[in-house]
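Read through the structure below, which is laid out as structure tokens, and then see the notes.
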Amino acid sequence: MAQARDSKKKTVAKKAAPTRSRGQGSRIVYESLRHAILNLELEPGSALDEVSLAEQFEMSRSPVREALVRLASDGLVTTLPNRSTIVSVIDFVGLPVYFEALTLMYRVTTRLAAVHRREDQMVIIRGHQAAFATAVKRRDAIEMIASNRDFHVAIAEAGGNVHFTALFTRLLDEGRRILRLYYQSFGDKLPQQYVAEHDAMVAAIDAGNAELADRLAGAHAAQIVAQIKSYIARDTTADVSLAELER
-9 MAQARDSKKK TVAKKAAPTR SRGQGSRIVY ESLRHAILNL ELEPGSALDE
41 VSLAEQFEMS RSPVREALVR LASDGLVTTL PNRSTIVSVI DFVGLPVYFE
91 ALTLMYRVTT RLAAVHRRED QMVIIRGHQA AFATAVKRRD AIEMIASNRD
141 FHVAIAEAGG NVHFTALFTR LLDEGRRILR LYYQSFGDKL PQQYVAEHDA
191 MVAAIDAGNA ELADRLAGAH AAQIVAQIKS YIARDTTADV SLAELER
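Going by this note's numbering, 141 is the number at position 151 of the sequence shown; the sequence numbering is gapless.
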């Protein structure tokens, strides 16, 4: 397991190295590790050692340390009492409160977008929705999660409240690892229904129908939350025959 984790870290570093330029070390490390953490390439609880990371990214420890500080502020890494750093564990206990905040942000940002959207913003929203639909068609869970995030952030930006946008963006980013686990359960059959629900929200926003946009976003969020809860609580051993295992 340790060798596998080291291999993943080295892969992340190799991907970043060709694009590195002077003064960009911290950004490169931050973006590379953030991507790896959100896509579960670095597992929750994995150790992140400054010295090892500096060697892998071929740079000094200062930009690595700066990147880890940024990741900690994002809630993606945790500094332990012994000053070692790990990839933050997924807080399943705190999910009910998280889901409440997420659902509210889905509703308020979509509602505000219906009131304040401009046509140039609608173009951006439709572009992200097209990328989302393509990801579903290609059965690309990672791109689906990324484009879904960009789609809802674009809607929040169209709403015009920078505080809501900042909060919603963080909530969406925090939830990417949970979505990654959840979408793994679909195998190669990603949920086409989300494409239709997104299309309905886009139409309501474009029409300036705040009430409908609010209602659709609330239903969309409630369905996602319910399905994730069901996935987390599922019993995968209920149908296992112990007699068959003994053969």
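For every residue, glycine included, the Cβ atom is placed at its ideal position computed from N, Cα and C.
Could you name the residues of the same chain whose beta carbon sits closer than 8 Å to that of Tyr88, not counting the 5 residues immediately before and after it, in chain order? Asp81, Leu161, Glu164, Gly165
Determine the direct distance from the alpha carbon of Thr69 to that of Ile114, and round the result to whole angstroms. 38 Å
Express the C-alpha separation of Glu31 and Arg107 in angstroms, rounding to a whole number. Those two C-alpha atoms are separated by around 36 Å.
Helix, strand or coil, according to DSSP, for Glu234 in the structure here? Low confidence applies to Glu234: its pLDDT is 47, below 50, so where it sits in the model is not reliable enough to give any reading.
Tell me the DSSP bridge mates of Val67? Val77
Under the three-state DSSP convention, the category Leu157 falls into: Correct three-state label for Leu157: helix.
Tell me whether Thr226 sits in a helix, a strand or coil according to DSSP, three-state version. Only weak support exists for where Thr226 lies, its pLDDT of 48 falling under 50; the value from the coordinates is given anyway. Of the three classes helix, strand and coil, the one that applies to Thr226 here is coil, per DSSP.
Close Cβ partners of Gln111 (< 6 Å) along its chain, the five nearest in sequence each way excluded: Excluding positions up to five away in sequence, the list reads Ala148.
In the DSSP assignment, the alpha helix (DSSP H) including Leu23 goes from what residue to what residue? 15 to 28
What's the C-alpha gap between Ala257 and His188? Lying before the first or after the last residue shown, residue 257 is absent from the chain, which here runs from -9 to 237.
In chain order, what are the residue ranges of uninterrupted alpha helix (DSSP H) at least 4 long that sit wholly in the region 128 to 153? Counting whole runs of 4 or more residues, the region 128 to 153 contains the alpha helix (DSSP H) stretches 131 to 149.
Less than 9 Å separating the beta-carbons of Thr93 and Asn151? no
Grouping DSSP H, G and I as helix and E and B as strand, with all else coil, what is Leu171? Shown here, Leu171 sits in a helix according to DSSP, grouped into three states.
At the level of alpha carbons, what is the spacing between Ala223 and Ser50? 44 Å
Check whether the region 57 to 71 touches the region 19 to 33, counting contact only when three or more Cβ pairs, one atom from each stretch, lie closer than 8 Å. yes
Whole-angstrom distance between Gln46 and Asp39, CA atom to CA atom: 11 Å
Proximity to Ala103 [Cα-Cα], best of Ala209, Thr155, Ile218: Thr155
Evaluate Val41 with the Cβ neighbour count: other Cβ atoms within 10 Å of its Cβ, from every protein chain shown; 16 or more gives buried, anything less gives exposed. exposed
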